[in-house]
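The block underneath contains the structure these notes are about, expressed in structure tokens.
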Amino acid sequence: MKKQRIRIHFSKIESMRYTSHLDLILTWERTFRRADLPLAYSEGYSPRPILTMAAPLPLGYTSIGEMGDFWLSENIPIDTISRSLVTALPPGLQSNNILEIADLHAPKLPTLVIAASYLVSFDEVHQDIKAKIDSVIQKEELIRIWKNKQYDLRPLIKKITLIQSTAEPQEISMTLTALPGATGRPDEVVSAIEIQPILVKFCRTEIILK
-18 MKKQRIRIHF SKIESMRYTS HLDLILTWER TFRRADLPLA YSEGYSPRPI
32 LTMAAPLPLG YTSIGEMGDF WLSENIPIDT ISRSLVTALP PGLQSNNILE
82 IADLHAPKLP TLVIAASYLV SFDEVHQDIK AKIDSVIQKE ELIRIWKNKQ
132 YDLRPLIKKI TLIQSTAEPQ EISMTLTALP GATGRPDEVV SAIEIQPILV
182 KFCRTEIILK
């Protein structure tokens, strides 16, 4: 039975960058067991721990801005939860903040997500990167192909900012929409500025909610 709902803001760092979304969920389940924190379970023939992540993180990305909601079968002080998780979390996961959500039945996290911000770091200096970013920003449409379907990337880009332009590592930040059927992909933005995504490191810095 659900007695408490908590929201954990966490980082997924280098040693877990190739951990899939499903494996991340299983990792959190194991972490709560190691911490002796009682996750609430669903009903039915195949009960599962009740938890949800805000948005899947693409494989190979790191993040300092993830969040997940977890339902517990007991009411436990937040300080106790925090202390228990510190010793139970595996390398690659870091708990940044834990909040209690008063309404057990409030909308689930994925339905609240509207955008996400990313930090993109390049392995080499691209002398013309500012001009390429400006060109993308000035376009009225930016037609791309994804999974054999054509779409316009431009309205999915809310902001691009060049942080470091002349030294290594060059960095840009971007905020992209993250709505059902209208989710901007950072690697597609990087491709649009004519840089190969395989040569770039992506870090999600924030998930923006309604």
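Numbering (this note's numbering), first residue to last: -18 to 191. C-beta atoms are modelled at their ideal positions from N, C-alpha and C, and glycine is treated no differently.
Bounds of the beta strand (DSSP E) holding Ala159 are 151 to 160. The beta carbons of Pro150 and Asp104 sit about 7 Å from each other, so the pair counts as a contact at 8 Å. Contact between Leu70 and Thr12 holds: CB atoms are separated by about 6 Å, below the 8 Å threshold. Lys(-17) and Ala112 have their C-alpha atoms spaced approximately 53 Å apart. In this structure, DSSP gives Asp50 an extended state, which the three-state scheme calls strand.
Leu137 sits buried, since 16 or more C-beta atoms from the chains shown fall within 10 Å of its C-beta.
Per DSSP, reduced to three states, the secondary structure at Glu187 is strand.
The beta-bridge partner set that DSSP reports for Lys140 consists of Thr156. If you compare the alpha carbons of Val106, Ala97, Ala163 with that of Trp127, the shortest gap goes to Ala163. Between Asp50 and Thr33, the C-beta spacing is below 8 Å.
DSSP places Thr68 outside any beta strand (DSSP E); the residue lies instead in the alpha helix (DSSP H), whose first and last residues are 59 to 69. Ala21 and Leu5 have their alpha carbons spaced roughly 18 Å apart. Counting along the chain, the unbroken beta strand (DSSP E) around Lys(-7) starts and ends at -15 to -7. Counted as a single uninterrupted DSSP element, the alpha helix (DSSP H) harbouring Val117 occupies residues 110 to 119.
Closest in C-alpha terms to Ile124, from the list Ile118, Asp133, Arg185, comes Asp133.
Around the CB of Tyr(-1), fewer than 16 other CB atoms lie within 10 Å, so the residue is classed as exposed.
The residue from Arg135, Glu55, Lys139 with its alpha-carbon nearest to that of Tyr99 is Lys139. Taking a cut-off of 8 Å for Cβ pairs, the region 83 to 97 and the region 35 to 42 touch, as three or more such pairs fall below it. One Cα belongs to Val106, the other to Glu152, and the distance between them is close to 10 Å. Arg14 and Val67 have their C-alpha atoms spaced approximately 13 Å apart. Annotated as distal: Val117 and Ala159, with beta-carbon spacing of 8 Å or more.
The beta carbon of Ile(-6) sits closer than 7 Å to those of Thr43, Gly73, Gln75, all from its chain and outside the five residues before and after it, given in chain order.
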